[in-house]
Structure formats: C-alpha cells, structure tokens
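Okay, structure first, notes after.
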Amino acid sequence: MTIAANARPGPREEGGTVIDAATFDVLNAIYLRKMAPVPHIASVTELSEAQVSDLLQRELEEAAVLDMGGAFLLLEPGTAKVLAFYRGTYAALRAEGGILRWYDKFETALNQQFIRAVSEWQTSDGDDRARDKMAKLVERMVRHLGQVVDEIPRYGKYANRFERALALVDQGEQDFVCKPTVDSMHNVWFEFHEDILAVVGRPRDV
C-alpha cells in the first residue's frame, strides 16, 4: 500500500520569501537526520536525486546547507527555514486541537510501548519476540498515521517508509529493525517523533 503524500504550500518567512513544500521536505530530511546524503533525501522525500541535487544547489548558494563531501548539514539559515515552515504551516492545526489529541494518543498508546520494545531488542541481542512486538507496533503506527494524513499529507511518506522497512524485516533483513545507518523501523520512528514534536510545538526532549 502506498499512501498519497502531496504537500501543501509553505508559509511566508519574514521578507516575503515563500518556503515551498519540496524545499521544506529536503531541508527537513536533513534536519531530522542531522546529516544526510542525496540518495537518502531522495528516498524519504520521494523526489528524484536530480530534483534533490538541484534544490540543494540553491540552498548551498543561500548558505542554508553545508556539503560535507556528499552528505549535507543544515546551517542556521536552513534550520530557520525548517522551523518557520513548521510554525506557519501547522499553527491552525495546533489551534484547532485535533492534532494535539492525536499526538497524545500516539505518545501514550504507541511511542512508550515502542521505546520499551526497542530496549528489549537491544538488551536481548535481537530476540524474535521483541522484533515481532516492534513490527506489530509499526503496523499499528501505519494505521494511526492514516487518521491524520488528510491534514498532513506528507505523513503518508512515513507510512510508506515504515512499510518498506517492515517488508525487508519480513524478508529476513534484520538490519532494518534497528540499525542506525539504514532506514530501519527504529530510525523512521525516531525521525517521525522529532517531526511530530515540531508540528505540535513541543520541545524535542519531551
């Protein structure tokens, strides 16, 4: 199953600069990953590598990103663009309150259980029961995302990433459970958690 993930137009920053959705997606992929190469950015944004490279070239010229030999870091102007998009795009959703209730359910019904399952996986040297628990929670997470994808269409991309990781785990690719250098179930979950915290305006350490 692939969920549509068309993004809405972004907000205006000070000075009237329009933050377009594709640029946000690219910069946000770096923001969430801390450092990201073009192939990863293309995969998670569902853009072509050529599109990503073109956008990054523009952001390099604006001193928003730094090229670390093929992997990109955000500089202060790039981080400011990302945070401005979050603030401007999701202010109405926060005011309405539905996304806050959805987030609270995610935190209490899913995230805390997933954290425990990851801990069990890591301390048991890859116990099958812990892996299966993580997989079931990811399946529930995909369904939970379906409740808000109309309001935040780009969240369909997280559902697609979760399903790719699940499929690879089912094929015996254990790296896609928790390995930090691939788009594993744990990595996608971690990035989503950072994302939803920014959407609802909560500190990243909450």
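Counting with UniProt numbering, you get residues 1 to 206 for the letters of the sequence shown. Heads up, the beta-carbon is just placed ideally off N, CA and C, and yes, glycines get one too. Values in this document were obtained by computation on a predicted structure and should not be read as measured data.
Close-in-space but distant-in-sequence residues of the same chain around residue i (CB under 8 Å, 5 per side omitted)
i      : result
Pro203 : Leu197
His40  : Ala29, Arg33, Asp183
Met185 : Met134, Ala135, Val138, Phe162, Ala165, Leu166, Val169, Phe176, Val177, Cys178
Ala42  : Ser48, Glu49, Gln51, Val52
Thr45  : Ala22, Asp25, Val26, Ala29, Val52, Lys157
Contacting residues, own chain, Cβ-Cβ under 7 Å from residue i (five flanking each side not counted)
i      : result
Lys136 : none
Ala63  : Leu75, Pro77
Leu145 : Tyr155, Tyr158, Ala159
Phe114 : Met134, Leu137, Trp189
Gly201 : Arg94
8 Å contact criterion, which residue i and residue j should meet: CB distance rounded
i      : j      : result
Val148 : Ala159 : Not confirmed; about 11 Å, so no contact.
Tyr90  : Val199 : 5 Å
Val38  : Glu49  : 5 Å
Residue j beta carbon less than 8 Å from that of residue i
i      : j      : result
Glu120 : Asp128 : no
Met35  : Ala71  : yes
Val82  : Leu27  : yes
Leu110 : Arg154 : no
Glu151 : Leu93  : yes
Thr79  : Tyr31  : yes
Own chain partners of residue i with C-beta closer than 6 Å, once the 5 adjacent residues on each side are dropped
i      : result
Glu96  : none
Thr23  : Leu55
Ala130 : Ala117, Glu120, Trp121, Ser124
Phe192 : Tyr158
Leu73  : Met35, Leu66
Worksheet item: Contact between the segment 49–59 and the segment 98–115: three or more CB pairs below 8 Å?
Response: Taking one beta carbon from each stretch, the segment 49–59 and the segment 98–115 have fewer than 3 pairs nearer than 8 Å; the two do not touch.
Discussion item. Going residue by residue through the segment 47–99, where are the continuous beta strand (DSSP E) segments of at least 3 residues, counting only ones entirely within it?
Written reply: Runs found: 65–67, 71–74.
Worksheet item: Which runs of the alpha helix (DSSP H) fall wholly inside the segment 105–173 and span at least 4 residues, in chain order?
Response: Those alpha helix (DSSP H) runs which fall completely within the segment 105–173 and span 4+ residues are 112–123, 128–145, 155–170.
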